[in-house]
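Protein sequences appear in the order of chains A and B.
So the working numbering is basically just the index in the first sequence, starting at one, shifted up by 54.
So in the working numbering, spot 5 of the second sequence is number -15, and the numbers just go up one at a time.
For every residue, glycine included, the Cβ atom is placed at its ideal position computed from N, Cα and C.
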Amino acid sequence: MDNKSGQPGSGLDRRDFLKRGSLASLFAVVGGREAMAAEIRPSSRPRYSRLDGSETVACGLIGFGEWGREIATTLGRIPSVRLAGISDNFPVMLQRANRSVPDAATHADYRRLLDDRDIKAVFIATPTHQHRDIVIAALQAGKHVYCETPLAHTVEDARAIADAAKAANRQIFQVGLPYRSNPQHREVFQFIRSGALGKMTTSRAQWHRKQSWRRASATPERERELNWRLDPEVSLGLIGEVGIHQLDTADWIYQGLPTAVSGMGQIMQWNDGRKVPDTIQAVFEFPTGVHLTYNATLTNSFDGEYDMFYGSDGTIMMRDSKAWLFKEVDAPLLGWEVYARKDRFYRETGIALVADATKLAAQGVDFTADDPNVETPLFYALEEFVDNALRGPFPAGAGYKQGYDATVVAIRANEAILGNKRVTFDRKIFDAVS
Amino acid sequence: VPVRVAPDAFAVLARAARFHQETGGAFDITVGPLMRCWRFAGGTGEVPEPAALAEARERTGMHLVELDAERRTVRFRRPGVLVDPGAIGKGYALEQAALLLGELGVERALLHGGTSTVHGIGTPESGGQWKVAVEYPGERGETGPDQVLAVVALENRALSVSAVWGKWFAVGDTVYGHVLDPRTGWPAQGAVLAAVVSPSATETDALSTALLTLGIEGHGPVAGAHPAMPLLVLGRGEGGRFAAVARGMELRPSPRLVIVPVGTGREVAG
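Structure follows, in structure tokens:
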């Protein structure tokens, strides 16, 4: 089973490797972290209570590819999690699981993991097209389920997953849209909704990496399985495996789903016989008339990943769990920006948006410094899910409805990209799941 | 507040604590504040003010790091402690890479993590073992056959070389290298080069750093704790020559080299 290296916070450049590899946690959790700040910095606190480890929940992980391992590493840092079982259909991954999580039982068949009555919650990080059967079996086994996005590669499968999650109303079902749980995104969402950008006029997002997506393995069979993202039969390509997270941010901020999408895709660099484009463009039309232009490529890494929301009074840039406001000269004075940290971007000046800056200043904390305690969006999402499993049920940070909607948008956008055309959304498809 | 860390990260910290103990504190991953104080972190280095150095030393020391294996948590006993995994991280990364390649069926490979650590998996296709030359630390980075101090053959073994040829700066006649002696807070004056061979690249990375700090005079306890481990420590001898202790590594004869017997640690312990 394979990775999803297009996930938020995921990446292959050196800085990200240091932040996130197995040693990553060493850097992120211990290295460079000044213990003092941890207790008083509220900006890294999510809205739910922080778990202290006095209660634990036994968890299972299905899929131990690159992304599954990232989930395992992150779970390893959440005190209330006991990772009790790991399953993967590739034996080498089970060996690796035995080594990195020695206390977890390993299973070649995920159904044996689901048979373990101790396990209350499962995380599903298999290739997208395998989600449906596993989610439904996990819900039937009475587990709380965290399923990666896109939920599925077809609307039919996504619908089946959403219906099953809705029916299992005493179980928690959270989808892998971790920005929905990220305190920084929540802050920016509130800031934008407060009207600080004036009239919202347009938006632009990009994801740029230089990597082929092609993976090598010991045997041709394994290699085929491993490269499911390059298989047009089951892969939603860049828009599905990567773009879905940024599209969902736009859905969230605009408080609505797109009405149409136009797309194009090309193979510009990795012309190795693949059919899945390595470079895509898509324009999403929202009901208020505002558009999102989205660019993703595997050919160039310049400027990485970011989201820009433009309005008549200013622009918000979201990048690396940080955000800046760029004001128009005729925008009204907000007041606090006089004291805020300013960062230069060529000739523009960005005002850093720091959560709880006023409170921090009152506590004598230098809020202009980067918060050393910021976790990855994935961390916040997993912690929220586990907190919910222990003390809930509360509404999920991102539930089946958001997961279904985002998946449908991605599927249609992929159709537009592959067909070089404009596709309109049929409201009825979204309304089929409520 | 104790912070829970991932199993891999905890394992590295626990090993770092063991190396710290074994080396009498010559290996210490808490040198972060000292590195900053000497401006080796991101700079080329400068001699710090005494007050700043004293303050940094108070924030340095493995005794400030509390490891709870059962809960897998880490706690700093005072604010301002910084962990700098620089002297163990590369070795650990290579060790993991070698392990993963082995699992996937790779039988022969040479992994090189930059100038300091190299790991040989299996043997080269052409036969023999992976041969790696250790050079004298050159003043201006010169290289060539004359510079060869020893040739090490590797088969499922890692070699780490620590030397003061990385970052350094000079004030008057004194050269300050980027390896700080955690016990004194000053750049290590022990040796000019140290090399270690072991199946574990994590171990070679950590112990070569420690031996550079300990020098020829202080290498005994490490040699004694690992009686089978090939090692080499090169220091400054008399008359502009080098002095070296070596075990399990054949040194190339040279008029500028004086061989010193290997210690066992007893001379220090006794």
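Mind reading off the beta-carbon distance from residue i to residue j? Whole number of angstroms is fine, and I expect it under 8 Å.
i	j	result
B:Val144	B:Val132	So it is not a contact: roughly 20 Å between Cβ atoms.
A:Val477	A:Val315	6 Å
A:Ser257	A:Ala304	6 Å
A:Ile178	A:Val199	7 Å
B:Gly75	B:Ala186	Gly is not the amino acid found at residue 75 of chain B; the sequence shown has Glu there. That pair is no contact at about 11 Å.
A:Ala175	A:Ala443	5 Å
A:Phe118	A:Ile140	6 Å
B:Thr24	B:Phe149	6 Å
B:Phe20	B:His158	5 Å
A:Val135	A:Thr110	7 Å
A:Tyr400	A:Ala259	Wrong, their Cβ atoms sit about 20 Å apart, outside the cutoff.
B:Arg227	B:Val242	5 Å
A:Tyr308	A:Pro431	With 8 Å as the limit, A:Tyr308 and A:Pro431 do not qualify as a contact, their Cβ atoms being about 20 Å apart.
Is it buried or exposed for residue i, if we count other Cβ within 10 angstroms and need 16 for buried?
i	result
B:Arg(-16)	buried
B:Ala(-6)	exposed
B:Asp48	exposed
A:Leu244	A small fix is needed here, since residue 244 of chain A is Gln in this sequence, not Leu. Exposed, by the Cβ-count rule.
B:Thr3	buried
A:Trp390	exposed
A:Phe433	buried
A:Asn325	exposed
B:Pro59	exposed
A:Thr127	buried
B:Gly170	buried
A:Arg171	exposed
A:Pro331	buried
A:Ala162	exposed
A:Lys381	buried
A:Lys329	exposed
A:Arg87	Note on A:Arg87: pLDDT 32, under 50, position unreliable in the model; no value is reported.
A:Arg123	buried
A:Pro447	exposed
A:Thr180	buried
B:Val151	exposed
A:Ser235	buried
B:Leu211	buried
A:Met372	buried
B:Leu252	Any property of residue 252 of chain B remains undetermined from this structure, which presents chain B solely from -19 to 250.
B:Pro117	buried
A:His207	buried
Taking Cβ to Cβ, would you say residue i is nearer than 8 Å to residue j?
i	j	result
B:Leu231	B:Ala77	no
B:Leu44	B:Pro162	no
B:Arg52	B:Pro(-13)	yes
B:Gly258	B:Ile196	Because chain B in this structure spans residues -19 to 250, residue 258 of chain B falls outside the shown range and cannot be described.
A:Leu205	A:Thr461	yes
B:Pro65	B:Arg88	no
B:Ser178	B:Met209	yes
A:Ser355	A:Arg263	yes
A:Ala464	A:Ile215	no
B:Val112	B:Ala138	no
A:Phe363	A:Leu251	yes
A:Gly17	A:Phe338	With chain A represented from 55 up to 488, any question about residue 17 of chain A goes unanswered, as that position is not in the structure.
B:Ala174	B:Leu192	yes
A:Ala450	A:Ile226	yes
A:Asp361	A:Gln456	no
A:Ala350	A:Ile370	no
B:Arg57	B:Val(-19)	no
A:Cys201	A:His185	yes
(request) For the segment 82 to 105 of chain B, enumerate the residues whose C-beta is nearer than 9 Å to any C-beta of chain A, in chain order. (result) Under the 9 Å Cβ criterion, the segment 82 to 105 of chain B contributes Glu83, Leu84, Gly85, Val86.
(request) Please list the residues of the segment -18 to -1 of chain B that have a C-beta atom closer than 8 Å to any C-beta atom in chain A, keeping them in chain order. (result) The segment -18 to -1 of chain B vs chain A, Cβ under 8 Å: Val(-17), Arg(-16), Val(-15), Ala(-14), Pro(-13), Asp(-12), Ala(-11), Val(-8), Leu(-7).
(request) Taking only beta carbons into account, state which residues of the segment 267 to 300 of chain A come closer than 8 Å to chain B, listed in chain order. (result) Listed by position along the chain: Ser271, Ala272.
(request) Report the residues of the segment 132 to 146 of chain A with a CB closer than 8 Å to any CB of chain B, ordered along the chain. (result) So the list reads Ile132, Pro133, Val146, given in the order they occur along the chain.
(request) Anything in the segment 115 to 129 of chain A with a Cβ closer than 9 Å to a Cβ of chain B? List those residues in chain order, please. (result) Answer set for the segment 115 to 129 of chain A: Ala126, Thr127, Thr128, Leu129.
(message) To test your reading of the DSSP string, which unbroken alpha helix (DSSP H) runs of 4 or more residues are found completely within the segment 243 to 299 of chain A?
(response) For secondary structure counted as the alpha helix (DSSP H) over 4 or more consecutive residues, the segment 243 to 299 of chain A holds these complete runs in sequence order: 274 to 280.
(message) Could you tell me which whole alpha helix (DSSP H) segments of length 4 or greater appear in the segment 159 to 210 of chain A?
(response) Within the segment 159 to 210 of chain A, the runs of alpha helix (DSSP H) that reach at least 4 residues and sit entirely inside it are, in chain order, 164 to 169, 185 to 194.
(request) Jot down the residue ranges of each uninterrupted alpha helix (DSSP H) in the segment 432 to 474 of chain A, minimum 4 residues, whole runs only, in chain order. (result) Taking only runs of at least 4 residues, the alpha helix (DSSP H) segments lying wholly in the segment 432 to 474 of chain A are 454 to 473.
(request) Pull out every residue of the segment 152 to 169 of chain A whose Cβ sits closer than 7 Å to any Cβ of chain B, in chain order. (result) Taking 7 Å as the Cβ-Cβ cut-off, the segment 152 to 169 of chain A approaches chain B at Ser154, Val155, given in chain order.
(request) List in chain order: all unbroken beta strand (DSSP E) runs of 3+ residues lying wholly within the segment 138 to 170 of chain B. (result) Every beta strand (DSSP E) stretch that sits fully inside the segment 138 to 170 of chain B and reaches 3 residues is listed by chain position as 148 to 151, 154 to 157.
(message) If the cut-off is 8 Å on Cβ atoms, which residues from the segment 245 to 258 of chain A count as contacting chain B, listed in chain order?
(response) For the segment 245 to 258 of chain A, the set of positions with a beta-carbon nearer than 8 Å to some beta-carbon of chain B is empty.
(message) For a minimum of 3 consecutive residues, which ranges assigned as the beta strand (DSSP E) are wholly contained in the segment 373 to 401 of chain A?
(response) Counting only runs of 3 or more, we get 376 to 381, 396 to 399.
(request) Please list the segments of the alpha helix (DSSP H) lying wholly inside the segment 171 to 237 of chain B, counting only runs of 4 or more residues, in order along the chain. (result) Taking 4 residues as the shortest admissible run, the segment 171 to 237 of chain B contains the following complete alpha helix (DSSP H) segments, listed from N- to C-terminal end: 181 to 198, 200 to 205.
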